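Shown next, in structure tokens, is the structure this report addresses.
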Amino acid sequence: MDYFGGSEAQYYLKEKFIPWWGSRDSGELPQGSYLAVSATFLQGGRGKPVAGFNQPWGYYLWLNKYAPIAKIGYSIFVYRID
């Protein structure tokens with residue numbers, strides 16, 4: 045889970061919580077696993093930079109080949125990684 049928010053996701057998910065961040069190699073996700081990403085991080089990782097932008101970008105472009113299987117609230121997108 046790559047989560048942007050004020051609460052601790054681990055509190056709610058307990059032992060099922062595994063932290064993720066966009067710069068990790070997508071090959072680390074096992075086939076059949078699920079990835080939940082906050083809209084804030086998802087859009088930040090898919091956006092294209094403007095001139096002068098000096099932050100990492102494009103780290104979630106690989107998710108473009110997947111469609112979300114669920115949306116939690118209005119801000120967390122869940123993907124099944126096949």
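In this note's numbering, each residue's number is its place in the sequence shown (first place is 1) plus 44. C-beta: ideal position from N, C-alpha, C; glycine also. The structure presented is a predicted model; accordingly, all values stated were derived computationally and were not measured.
Boundaries of the beta strand (DSSP E) harbouring L79: S77 to S82, taken from the DSSP string. In the assembly as shown, I113 is an exposed residue. Its beta-carbon has fewer than 16 other beta-carbons within 10 Å. Selection I120, D46 and P100 evaluated against P63 yields D46 as nearest (Cα-Cα).
For Y123, the enclosing beta strand (DSSP E) starts and ends at I120 to I125. It is roughly 26 angstroms from the alpha-carbon of G96 to the alpha-carbon of D69.
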